[in-house]
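K.L.:
There are 2 protein chains.
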Amino acid sequence: MPRGRAARFPQQQQAILQHAARLFASRGFPGTSMNELAAAAGISKALLYHYYEDKYQLLVAIAEGHIDRLTALVEEVHAQPQAAEARLRRLIARFVEEYAHAHAHHQVLVQDIKYLDDDDEQRIRAKERTVVSAFAQAIAAVHPALAVTKIEKPLAMLFFGMINWMFTWFREGGALDYDDMSRLVTDFVIGGLQRVEGATEADQE
Amino acid sequence: MPRGRAARFPQQQQAILQHAARLFASRGFPGTSMNELAAAAGISKALLYHYYEDKYQLLVAIAEGHIDRLTALVEEVHAQPQAAEARLRRLIARFVEEYAHAHAHHQVLVQDIKYLDDDDEQRIRAKERTVVSAFAQAIAAVHPALAVTKIEKPLAMLFFGMINWMFTWFREGGALDYDDMSRLVTDFVIGGLQRVEGATEADQE
DNA sequence: TTTATTCTTGACCAAACGGTCAGTCAATTA
DNA sequence: TAATTGACTGACCGTTTGGTCAAGAATAAA
Numbered sequence: 275m276p277r278g279r280a281a282r283f284p285q286q287q288q289a290i291l292q293h294a295a296r297l298f299a300s301r302g303f304p305g306t307s308m309n310e311l312a313a314a315a316g317i318s319k320a321l322l323y324h325y326y327e328d329k330y331q332l333l334v335a336i337a338e339g340h341i342d343r344l345t346a347l348v349e350e351v352h353a354q355p356q357a358a359e360a361r362l363r364r365l366i367a368r369f370v371e372e373y374a375h376a377h378a379h380h381q382v383l384v385q386d387i388k389y390l391d392d393d394d395e396q397r398i399r400a401k402e403r404t405v406v407s408a409f410a411q412a413i414a415a416v417h418p419a420l421a422v423t424k425i426e427k428p429l430a431m432l433f434f435g436m437i438n439w440m441f442t443w444f445r446e447g448g449a450l451d452y453d454d455m456s457r458l459v460t461d462f463v464i465g466g467l468q469r470v471e472g473a474t475e476a477d478q479e
Numbered sequence: 275m276p277r278g279r280a281a282r283f284p285q286q287q288q289a290i291l292q293h294a295a296r297l298f299a300s301r302g303f304p305g306t307s308m309n310e311l312a313a314a315a316g317i318s319k320a321l322l323y324h325y326y327e328d329k330y331q332l333l334v335a336i337a338e339g340h341i342d343r344l345t346a347l348v349e350e351v352h353a354q355p356q357a358a359e360a361r362l363r364r365l366i367a368r369f370v371e372e373y374a375h376a377h378a379h380h381q382v383l384v385q386d387i388k389y390l391d392d393d394d395e396q397r398i399r400a401k402e403r404t405v406v407s408a409f410a411q412a413i414a415a416v417h418p419a420l421a422v423t424k425i426e427k428p429l430a431m432l433f434f435g436m437i438n439w440m441f442t443w444f445r446e447g448g449a450l451d452y453d454d455m456s457r458l459v460t461d462f463v464i465g466g467l468q469r470v471e472g473a474t475e476a477d478q479e
């Protein structure tokens, strides 16, 4: 006698999340009202609450979904057997690619994470840390000297700064495309790491 | 028979702006209420409106004040006669220093600029562009080949990404201090630029 | 001392907020 | 086909929002 959920339910939920990500990204979490979101999704506000418990759960779903995809990406690259520098290059290229694809979700992850409860924030930051660690490890594999002075993580963070910020100013259709950017960032990082390695070795003498 | 403004007026205005910058930085512009700000400043909400016309003017004052200081900083370094690489190093060091000093104001400039009216946003973004251009120029002075392919500005933006992001993760008291960070960033950038110069020259052959 | 003005506040306002609710309608299944 | 539930909405709720206002206290110039 019951009646199951409609087959469209997950798609509709996903569509709402997509609109939410775009709005949160451009107007911020507190700056986005549920009325705006309902209008953007083309449904009533009440129906919004049929698909998500409340506004906050949307934020959690966006942030957690994105960091989980990044984690999966790291593991995917890690699983492929290849030389250290090739792996670092591949990692950088795949991240630029993923950020370009999930622009809004990524912006929400970096800019609206502060609106999470302590519990949720800590859980998601922990996942972020594993991603950063994987990057730091990939860096240390190319330049073992950097791990000696324990600056692989700060260097990984400098890299994340570059590409997080990239999507606030980079617009496709200009002189450079994503491939150019990916190559530019990769060369910049590889060169920067070499130089820092040289400088730290000089310091230790 | 009149009565001038109290001598404390500008200081009080400045103190309020300081509290506003800290709150906007940590909770976002739409996420900060005037009640919270009044409480943080230790005054009534009504008195807040004696010192500032409305909430929006606080945002403008924070953003514009900060970008004006950065502009002044660029001109100060530009006025000193010195070699190209020394000037770039000096510029980077002074920026890291200034960001460290005006942490909250800077965060507001980068994260809450989107809440400005079109007019104000355009005016402030124009000022930002002059700062970026100055950096791009300093980069091109060290590596003229980069200007040929017109990638000095993207490279300058990669640099800004590094240091903008830096203040979301870097905390004094750890293994590295600001001087270490400044040196690390500088070496990283100098090395990265060299490598990119080499790569672009190879592309052109 | 008078007088004009600033400094300061608690009480207040309309609008917008996140969220709820009663109820309509359509689909599923027994 | 009758019962049950999911999909969906407009009207509504209490609270908080940015902002105002009348009025008192403090203060400096005349």
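Just so you know, the sequences run in chain order A and B.
Taken in order, the first sequence gives residues 275 to 479; the numbers are from my numbering.
Taken in order, the second sequence gives residues 275 to 479; the numbers are from my numbering.
We put the beta carbon where it would ideally sit given N, CA and C, even for glycine.
Could you name the residues of the same chain whose beta carbon sits closer than 8 Å to that of VAL351 of chain B, not counting the 5 residues immediately before and after it, in chain order?
P.N.:
ARG361, ARG364, LEU365, ARG368
K.L.:
Look at the alpha carbon of VAL370 of chain A and the alpha carbon of GLU359 of chain B, and state the distance between them as a whole number of angstroms.
P.N.:
Distance between VAL370 of chain A and GLU359 of chain B, taken at the CA atoms: about 30 Å.
K.L.:
Give me the Cβ distance between VAL459 of chain A and LEU432 of chain B, rounded to the nearest whole Å; I'm assuming they're in contact under 8 Å.
P.N.:
Confirmed, Cβ separation roughly 7 Å.
K.L.:
Beta-carbon of ILE464 of chain B versus every beta-carbon of chain A: anything under 8 Å?
P.N.:
So yes, ILE464 of chain B belongs to the interface.
K.L.:
Drop a sphere of 10 angstroms on the beta-carbon of SER456 of chain B, count the other beta-carbons inside from all chains shown, and report buried for 16 or more, exposed for fewer.
P.N.:
A residue is called buried once 16 or more other Cβ atoms fall within 10 Å of its Cβ, and SER456 of chain B is buried on that count.
K.L.:
Report the residue from A:ALA414, A:ASP391, A:PHE441, A:GLU372 whose alpha carbon sits nearest the alpha carbon of ALA430 of chain A.
P.N.:
For ALA430 of chain A, the nearest C-alpha among the options comes from A:ALA414.
K.L.:
Under three-state DSSP, which class holds ARG469 of chain B?
P.N.:
helix
K.L.:
Which residue comes first and which comes last in the alpha helix (DSSP H) that contains PHE283 of chain A?
P.N.:
283-301 is the span of the alpha helix (DSSP H), which, as asked, contains PHE283 of chain A.
K.L.:
Between which two residues does the alpha helix (DSSP H) carrying GLY435 of chain A extend?
P.N.:
426-443
K.L.:
When the Cα atoms are used, what is the spatial distance from GLN381 of chain A to ARG397 of chain B?
P.N.:
Taking the straight line joining both Cα atoms gives about 24 Å.
K.L.:
What's the call for LEU333 of chain B, buried or exposed, on a 16-neighbour Cβ count within 10 Å?
P.N.:
The C-beta of LEU333 of chain B has 16 or more other C-beta atoms within 10 Å across all chains shown, which makes the residue buried.
K.L.:
Taking the straight line between their C-alpha atoms, what separation do you get for SER307 of chain B and ASP453 of chain A?
P.N.:
Distance between the alpha carbons of SER307 of chain B and ASP453 of chain A is about 43 Å.
K.L.:
To the nearest angstrom, how far is it from the Cα of GLN468 of chain B to the Cα of GLU475 of chain B?
P.N.:
Those two C-alpha atoms are separated by around 11 Å.
K.L.:
For TYR326 of chain A, which three-state DSSP category applies?
P.N.:
coil
K.L.:
Alpha carbons only, please: which of A:ALA313, A:ALA320, A:ASP342, A:ALA281 is nearest the one belonging to LEU383 of chain A?
P.N.:
A:ASP342
K.L.:
Can you say whether LEU321 of chain B is buried or exposed, counting buried as having 16 or more other CB atoms within 10 angstroms of its CB?
P.N.:
exposed
K.L.:
How is THR404 of chain A classed by DSSP in three states: helix, strand or coil?
P.N.:
helix
K.L.:
Please tell me whether LEU333 of chain B has its Cβ less than 8 Å away from any Cβ of chain A.
P.N.:
Any Cβ of chain A closer than 8 Å to the Cβ of LEU333 of chain B would place that residue at the interface, and such an atom is absent.
K.L.:
Can you give me the start and stop residues for the alpha helix (DSSP H) that GLU371 of chain B sits inside?
P.N.:
358-375
K.L.:
If we call anything under 8 Å between Cβ atoms a contact, is GLY260 of chain A one with HIS379 of chain A?
P.N.:
Not covered by the structure: residue 260 of chain A. The range shown for chain A is 275 to 479.
K.L.:
Hey, quick one: how far does the alpha helix (DSSP H) through GLY311 of chain A stretch, first residue to last?
P.N.:
Note that residue 311 of chain A is Leu in the sequence shown here, rather than Gly. Start and end: 308-315.
K.L.:
Please list, in chain order, the chain B residues whose beta carbon lies closer than 9 Å to that of TYR389 of chain A.
P.N.:
The answer, in chain order, is ARG301, GLY302, GLY305.
K.L.:
Let me confirm a value: PRO428 of chain B is counted as buried when at least 16 other C-beta atoms fall within 10 Å, else exposed. Which label applies?
P.N.:
buried
K.L.:
Whose C-alpha, out of B:GLY472, B:ILE464, B:GLU402, B:TYR326, is nearest the C-alpha of ALA337 of chain B?
P.N.:
B:GLU402
K.L.:
Identify the continuous alpha helix (DSSP H) that holds PRO418 of chain A and give its terminal residues.
P.N.:
418-422
K.L.:
Grouping DSSP H, G and I as helix and E and B as strand, with all else coil, what is GLU479 of chain B?
P.N.:
For GLU479 of chain B, the predicted structure reports a pLDDT of 46, less than 50, and the residue's modelled location is therefore unreliable. A value from the coordinates is still provided. Reduced to three states, the DSSP call for GLU479 of chain B is coil.
K.L.:
Check whether the Cβ atoms of GLY435 of chain B and MET436 of chain A sit closer than 8 Å, and answer yes or no.
P.N.:
yes
K.L.:
To be precise: take each residue of the segment 358-376 of chain B, compare its Cβ to all Cβ atoms of chain A, and keep it if any distance is under 7 Å. Which residues remain?
P.N.:
none
K.L.:
Would DSSP call ARG261 of chain A helix, strand or coil?
P.N.:
Since the first residue of chain A shown is 275 and the last is 479, residue 261 of chain A is not available in this structure.
K.L.:
How many Å lie between ALA289 of chain A and ALA315 of chain A at the Cα?
P.N.:
8 Å
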